[in-house]
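**Student:**
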Amino acid sequence: MHTCMHAQVCNAHCAGSNTHLEDTAPRIVEHPTDVLVSKGEPATLSCKAEGRPPPVVEWYKDGERVETDREDPRSHRTLLPGGSLFFLRILHGRRGKPDEGVYVCVARNYLGESKHYVCWSNASLEVAVLRDDFRQPPGDVVVAAGEPAVLECVPPRGHPEPSVSWKKNGVRVSDRDERLTIRGGKLMVASTHKSDAGVYVCVATNVVGERDSEPAELVVFERPAFGKRPQNQVVLVEGTAEFACEAVGDPQPAARWRKEEGEMPLGRWEVLPDNTLRISRLQVEDEGTYTCVADNSVGRSEASGTLTVHGKGGAWGAPLGAGGVPRQALVSPHTAAVPPQLVTGPHDQAVTPGQSVTFQCQSKGNPPPAVFWQKEGSQVCLLPSSLTPHPITAPSSFQSSFHFHSSWSQLSS
Numbered sequence: 376m377h378t379c380m381h382a383q384v385c386n387a388h389c390a391g392s393n394t395h396l397e398d399t400a401p402r403i404v405e406h407p408t409d410v411l412v413s414k415g416e417p418a419t420l421s422c423k424a425e426g427r428p429p430p431v432v433e434w435y436k437d438g439e440r441v442e443t444d445r446e447d448p449r450s451h452r453t454l455l456p457g458g459s460l461f462f463l464r465i466l467h468g469r470r471g472k473p474d475e476g477v478y479v480c481v482a483r484n485y486l487g488e489s490k491h492y493v494c495w496s497n498a499s500l501e502v503a504v505l506r507d508d509f510r511q512p513p514g515d516v517v518v519a520a521g522e523p524a525v526l527e528c529v530p531p532r533g534h535p536e537p538s539v540s541w542k543k544n545g546v547r548v549s550d551r552d553e554r555l556t557i558r559g560g561k562l563m564v565a566s567t568h569k570s571d572a573g574v575y576v577c578v579a580t581n582v583v584g585e586r587d588s589e590p591a592e593l594v595v596f597e598r599p600a601f602g603k604r605p606q607n608q609v610v611l612v613e614g615t616a617e618f619a620c621e622a623v624g625d626p627q628p629a630a631r632w633r634k635e636e637g638e639m640p641l642g643r644w645e646v647l648p649d650n651t652l653r654i655s656r657l658q659v660e661d662e663g664t665y666t667c668v669a670d671n672s673v674g675r676s677e678a679s680g681t682l683t684v685h686g687k688g689g690a691w692g693a694p695l696g697a698g699g700v701p702r703q704a705l706v707s708p709h710t711a712a713v714p715p716q717l718v719t720g721p722h723d724q725a726v727t728p729g730q731s732v733t734f735q736c737q738s739k740g741n742p743p744p745a746v747f748w749q750k751e752g753s754q755v756c757l758l759p760s761s762l763t764p765h766p767i768t769a770p771s772s773f774q775s776s777f778h779f780h781s782s783w784s785q786l787s788s
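Here the working numbering is used: the first residue of the sequence shown is 376, the next is one more, and so on.
1. So, at 6 Å on beta carbons, what are the nonlocal neighbours of S421 in its own chain, with the 5 sequence-adjacent residues on each side left out?
2. List the endpoints of the continuous beta strand (DSSP E) containing S676.
3. Verify whether the separation of the beta carbon atoms of R532 and R554 is less than 8 Å.
4. CA-CA distance, T580 and A418?
5. Along the beta strand (DSSP E) that carries N581, what are the first and last residues, could you check?
6. Can you tell me the Cα-Cα spacing of D661 and N544, whole angstroms?
7. Note down, in chain order, each residue of its chain lying with its Cβ closer than 7 Å to the Cβ of N607, except the 5 sequence neighbours on either side.
8. Which residue's Cα is closest to the Cα of Q658: T683, S672 and E645?
9. Do three or more CB pairs link the stretch 515 to 529 to the stretch 562 to 574 at distances below 8 Å?
10. Would you mind working out which of G415, D409, L411 and V481 sits nearest A424, comparing C-alpha positions?
11. For the stretch 712 to 724 and the stretch 635 to 650, state whether three or more C-beta atom pairs, one from each stretch, are separated by less than 8 Å.
12. What are the uninterrupted segments assigned as beta strand (DSSP E) that are 3 or more residues long and contained completely in the stretch 486 to 548, given in chain order?
13. Are the CB atoms of D571 and V595 nearer to each other than 8 Å?
14. Just reading off the beta strand (DSSP E) that C670 is part of, what are its end residues?
15. Quick one, which of V548, G584, A520 and V578 has its alpha-carbon nearest K569's?
16. Give the secondary structure of V479 by DSSP, where H, G and I count as helix, E and B as strand, and everything else as coil.
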């Protein structure tokens, strides 16, 4: 803002004044502009005036005349020859703000005997500030993968108000990732990935510069999962069953086993270093569902497999029921019992690695025979009567035997 009281106006209202035609009123040709400067930095408020006689330039701050080094050699303010006001360094503190305010540049010259002509222009000088201490530094955050995460900080006090950005492991974070949102002092991750883990720093910025917060760590854990799960098994009495349980996660999960239908077999079970459950000298009462439980600090997962035990009492290979009676071994008194007979048996086959193979087995009898398969050298029983193992990788040869039973006899091939 600038204002001038023109000579014509003055003459119209000041009767009897004497002016020389060659004299001209002061005119400010370079006006001061608002300045925003950091504490301790130099600054200049510009002001240049013209007129005849040459005008005298003075500065006023908040209505009071500004002292310069002309009046006080110790002053940090200097009036330059052209009329500008130079600050060697801007003083600004919590106890006082001697340089901040509204400044007025005033140009005067002498017209007539009793009148000074005045022209002025004003501008504000603001001191930019950015404190060192964050009002709220970010804190460590621990989440499970897939969960949202929020890192939050409140920047230091400053003028102008500082903006906030973030760094991860020393690199500026971009919100181009649709999962990330930076709003105010918050960094929000909609669905965390393992790759989001790292050390984050909140950065406050204004014209003064940047301030970094103390680092905060985002830890992304993974809930337990299973690389290998327990599989259902059918095993003969006195045999051994093994249920795999490969638990993965971060932190590494701890695995334990339980039997759903009761207590674990007393003295006949052990957990191997890879968390595999081994049950030895199997009995019919060991049948049931065995569950592997994997725990870590962010969750729990469970996987189960069932165990079926075929007994050797009565008909060979028949699973025993209550009282030791073979299951499917009872014949109705109204029908004739027929010994089991092999209708179609398996044949040797040669395959190349990667191919699948099918062995056929059809039987008849009354009661209908229970048929199961057994790979030679293994005590694990495979069901049903048509065996289609997964593609053989190595070796390509597969020796097998099959057994079926009724209440009368047994047959193997």
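Cβ atoms here follow ideal geometry from the backbone N, Cα and C, with glycine treated the same way.
**Tutor:** Inspection of the coordinates gives the following:
1. One-based indexing of the sequence shown puts residue 421 at position 46. Contacts found: E405, P407 and S459.
2. Translated into positions along the sequence shown, residue 676 becomes position 301. Unbroken beta strand (DSSP E) run through S676: G674 to H685.
3. Walking along the sequence shown from the start, residue 532 turns up at place 157. Walking along the sequence shown from the start, residue 554 turns up at place 179. Against a cut-off of 8 Å, the Cβ pair of R554 and R532 comes out as no contact.
4. On the sequence shown, position 205 is the one that residue 580 refers to. On the sequence shown, position 43 is the one that residue 418 refers to. The alpha-carbon separation between T580 and A418 amounts to approximately 21 Å.
5. Taking the sequence shown and counting its residues from 1, one reaches residue 581 at position 206. Where N581 is concerned, the enclosing beta strand (DSSP E) starts and stops at G573 to N581.
6. Reading the sequence shown from its first residue, position 286 is the one you call residue 661. Reading the sequence shown from its first residue, position 169 is the one you call residue 544. If you take the alpha carbons of D661 and N544, they lie about 54 Å apart.
7. Sequence index remark: in the sequence shown, residue 607 carries index 232 (1-based). Around N607, the same chain offers G680 and T681 as residues with beta carbons nearer than 7 Å, after the five sequence neighbours per side are excluded.
8. Taking the sequence shown and counting its residues from 1, one reaches residue 658 at position 283. Nearest C-alpha to Q658: T683.
9. Put simply, the stretch 515 to 529 touches the stretch 562 to 574. At least three CB pairs are less than 8 Å apart.
10. Position 49 of the sequence shown, counted from the start, is the residue given in the question as residue 424. Selected option, being the one with the closest Cα: V481.
11. The stretch 712 to 724 makes no contact with the stretch 635 to 650: fewer than 3 CB pairs, one atom from each, lie closer than 8 Å.
12. Listed in chain order, the complete beta strand (DSSP E) runs (minimum 3 residues) inside the stretch 486 to 548 are 490 to 505, 516 to 519, 524 to 527 and 538 to 543.
13. Locating residue 571 in the sequence shown gives position 196, where the first residue counts as 1. Locating residue 595 in the sequence shown gives position 220, where the first residue counts as 1. With contacts defined as CB atoms closer than 8 Å, D571 and V595 qualify as a contacting pair.
14. The residue you call residue 670 lines up with position 295 of the sequence shown. Reading the sequence as shown, one finds Asp at residue 670 and not Cys. Note, D670: beta strand (DSSP E), G663 to N671.
15. For the purposes of this step, residue 569 is taken as residue 194 along the sequence shown, with counting starting at 1. Looking at the Cα atoms, A520 is the closest of the given residues.
16. On the sequence shown, residue 479 is found 104 positions in, with the first residue counted as 1. Of the three classes helix, strand and coil, the one that applies to V479 here is strand, per DSSP.
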